[in-house]
Amino acid sequence: MEVSYREEGVASAASSVAGRLVADGVPARLAAGDPTLWGEDAEAEAAVRLGWLTLPRSSRELLPVLGELAGRARAAGLTNVVLAGMGGSSLAAEVICNTADVPLTVLDTTDPGQARRALTDQLESTVVVVASKSGSTVETDCHLRVYERLFADAGLAPASRIVVVTDPGSPLERRAVDGGYELVLAVPDVGGRYAALSAFGLVPAALAGADVERLLDEADEVLPLLSRDTGNPGLDLGAALGGAALAGRDKLVLEDQLSPITGLPDWIEQLVAESTGKQGRGILPVVGADPNETGDELIVAIDSDVGDVRVDGPLGAQFLVWEYATAVAGLLLEIDPFDQPNVAESKENTATLLALPDLPVGAPSFVDGPVEAFGSATAKDLPGLFAELLHAIPGDGYLAVLAYLDRLAAFDAPVPDGADFEQMTDAWMMADPATLRALLALRTNRPVTFGWGPRYLHSTGQYHKGGPQNGVFLLITGEVSEDVAVPGAPYSLGRLQLAQALGDLGALETRGRPAVRLHLTDRAAGVARLLAAAQEA
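The letter at position 251 of the sequence shown is residue 256 when you use this note's numbering, and the numbering goes up by one with no holes.
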């Protein structure tokens, strides 16, 4: 595992803060799990959140269990693995399986359309991993309820098809015991976003067919380096992240186009944003974007020479080194990297809205074809709205596009007969709301990020509300054509999804930042109009 600086300014900033860290004995203290590093206010939280430092070795105890689980699933013909989990409980497993090229369906949404894709796919051969550290995650609770009913209605015993991963003593543990589900308890002293090498990352990956022992080997190889004052990749990366942020380069542009690891920036995004975005400070990860060269960016490349910092190493080592580096960056920014004080805010707003007879959607400020606009913007059409939002971005700020939609629906776009791969890709891109990010980015020199809701609530959502208050927010929701009922709950997935969007919009608006919502009355036509309007702006 190696971290190298490729830009003089980064090297100078990193060297300066690294010297201070070494003088304070930080490398050895962090490797030893010293909870006092982040100050008195953070000590209690840190004391129960540093178990990730020993996971490369302690997680080996899981290997026999995982081998038995995977063997039984294969013997029963359960080859379609669905992971119901949010944030750190799902993103690591997604990266592991994508990199290993083994199939895993990640159900981290409340979108009824995307949920139906999972619910109607190969039910006879499906095993569901339900993962929640707290055991009370609302999205995961809904997924479990829906699958329990679905299996029972199909005459399939839920107990033979549901695997629960949770912390000891959580409500989900009791539910698993009562339901007779396979239960794997995670180590409780590891936070969700640091849990890549724990049961949360390893159980679904092992069931899907990934070589999880190899991941632990890769992490174990780098573990002894993390106590060193020199030749310590975690220290080197953390000094670069924190040193650059202190020098004003707090936009972390992640580049991985040449990496054999698939999707690592999405995992890094939730780790860094949720760990550092608080007390008005933080590092904003920017995924899938070209650098703007505006002076406040740090370009970090995974296995590539394109960037200010290069990070080379296999996936297991990358997980551990980025976790260590993020903890170091938090220390330099003088924040607690293990709490997430603003995540609960949108959850509470959502619960309040769900208790109302009707969701307060309000009246649109204007309608542009299949798109309704809600908010305080003065524009009267979409091109004008986009121009207004782009103009509102502060000189040190960013625009975040947040879509509460089916993130797989673009693959339903019609493709011309005989189309080659490039033509197919073009068709999918022009049906994908994420393309809006790239089109808007062409019209500003400020970063434009994209997040799927409610997925982002468990990652960048913390940064949006707790970090520097320089964001501009565009939320996108869509009409639900066929909803999914949640057995035993007073709401459907569609109602929950809209409540989550409105709840987070309210949390953003209370901070006085520009935030608008666009509602697509027809998804396909609405996305097409958004993309056309972005080109007109």
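In this text, a Cβ means the ideal position worked out from N, Cα and C, and glycines have one as well.
Sub-9 Å separation of residue i and residue j beta-carbons
i: Pro459; j: Ala506; result: yes
i: Val133; j: Leu88; result: yes
i: Gln275; j: Ser464; result: yes
i: Glu302; j: Val258; result: yes
i: Val485; j: Gly118; result: yes
i: Ser139; j: Thr171; result: yes
i: Val305; j: Ala213; result: no
i: Leu220; j: Val31; result: no
i: Val406; j: Ile481; result: yes
i: Ala539; j: Phe391; result: yes
i: Val168; j: Leu68; result: no
i: Ala397; j: Ala529; result: no
i: Tyr409; j: Gly335; result: no
i: Gly82; j: Ser141; result: no
i: Val8; j: Val314; result: yes
i: Leu60; j: Val192; result: yes
i: Val477; j: Leu404; result: yes
i: Val208; j: Ala136; result: yes
i: Leu498; j: Ala490; result: yes
i: Arg451; j: Gly389; result: no
i: Ala97; j: Ala200; result: yes
i: Ala51; j: Phe379; result: no
i: Leu202; j: Trp57; result: yes
i: Ile340; j: Arg286; result: yes
i: Leu71; j: Ala224; result: no
i: Leu395; j: Asp373; result: no
i: Leu523; j: Gly511; result: no
i: Ile266; j: Leu320; result: yes
i: Val22; j: Leu337; result: yes
Cβ-based burial, residue i [other Cβ within 10 Å; buried from 16]
i: Leu55; result: buried
i: Phe426; result: exposed
i: Glu541; result: exposed
i: Lys283; result: buried
i: Glu377; result: buried
i: Ala360; result: exposed
i: Gly44; result: exposed
i: Val100; result: buried
i: Gln428; result: exposed
i: Thr331; result: buried
i: Glu144; result: buried
i: Gln467; result: buried
i: Thr454; result: buried
i: Thr385; result: Note that residue 385 corresponds to Lys in the displayed sequence, not to Thr. With fewer than 16 Cβ atoms within 10 Å of its Cβ, Lys385 is classed as exposed.
i: Thr235; result: exposed
i: Gln262; result: exposed
i: Ser17; result: exposed
i: Asp116; result: buried
Terminal residues of the beta strand (DSSP E) in which residue i lies
i: Asp317; result: Val314 to Asp317
i: Leu151; result: Here the sequence assigns Val to residue 151, which means Leu is not the residue at that position. Counting along the chain, Val151 falls outside any beta strand (DSSP E), though it belongs to the alpha helix (DSSP H) covering Val143 to Asp158.
i: Glu7; result: Glu7 to Tyr10
i: Lys256; result: Lys256 to Glu260
i: Leu303; result: Glu302 to Ile307
Proximity test, Cβ basis, 9 Å: residue i and chain D
i: Glu178; result: This model lacks chain D altogether; it includes just one protein chain.
Strand pairing of residue i, partner residues [DSSP]
i: Asp373; result: Val376
i: Val192; result: In DSSP, Val192 forms no bridge with anything.
i: Lys283; result: Arg286
i: Thr1; result: This structure gives no information on residue 1, because the portion of the chain shown stretches from 6 to 542.
i: Ile4; result: Since the displayed the chain opens at 6 and closes at 542, residue 4 lies outside it and no answer follows.
i: Glu187; result: Val168
i: Ala18; result: DSSP lists no partner for Ala18.
i: Gly293; result: Looking at the DSSP assignment, Gly293 forms no beta bridge with any residue, so it has no partner.
i: Trp457; result: Ala408
i: Thr131; result: Asn85
i: Gly476; result: Tyr403
i: Ser497; result: Ala490
i: Ala200; result: Answer by DSSP bridge pairing: none, since Ala200 is not bridged.
i: Ala136; result: Val170
The alpha helix (DSSP H) enclosing residue i, as first and last residue numbers
i: Trp327; result: Leu320 to Leu338
i: Thr355; result: Val348 to Leu359
i: Val532; result: Arg528 to Glu541
i: Phe205; result: Ala204 to Ala213
i: Tyr468; result: Thr465 to Gly471
i: Asp431; result: Phe426 to Met434
i: Ala245; result: Pro238 to Leu251
i: Gln345; result: Gln345 -> no alpha helix (DSSP H), and no H or E assigned at all.
i: Ala224; result: Val217 to Val227
Next item on the list: List in chain order: all unbroken beta strand (DSSP E) runs of 3+ residues lying wholly within the segment 363–423.
Entry: Along the length of the segment 363–423, whole beta strand (DSSP E) runs at least 3 residues long occupy 371–373, 376–379 and 403–408, reported in chain order.
Next item on the list: Kindly provide the ranges of any alpha helix (DSSP H) runs that are 4 or more residues long and lie completely inside the segment 42–103, ordered along the chain.
Entry: Runs of the alpha helix (DSSP H) inside the segment 42–103: 45–52, 60–63 and 68–80.
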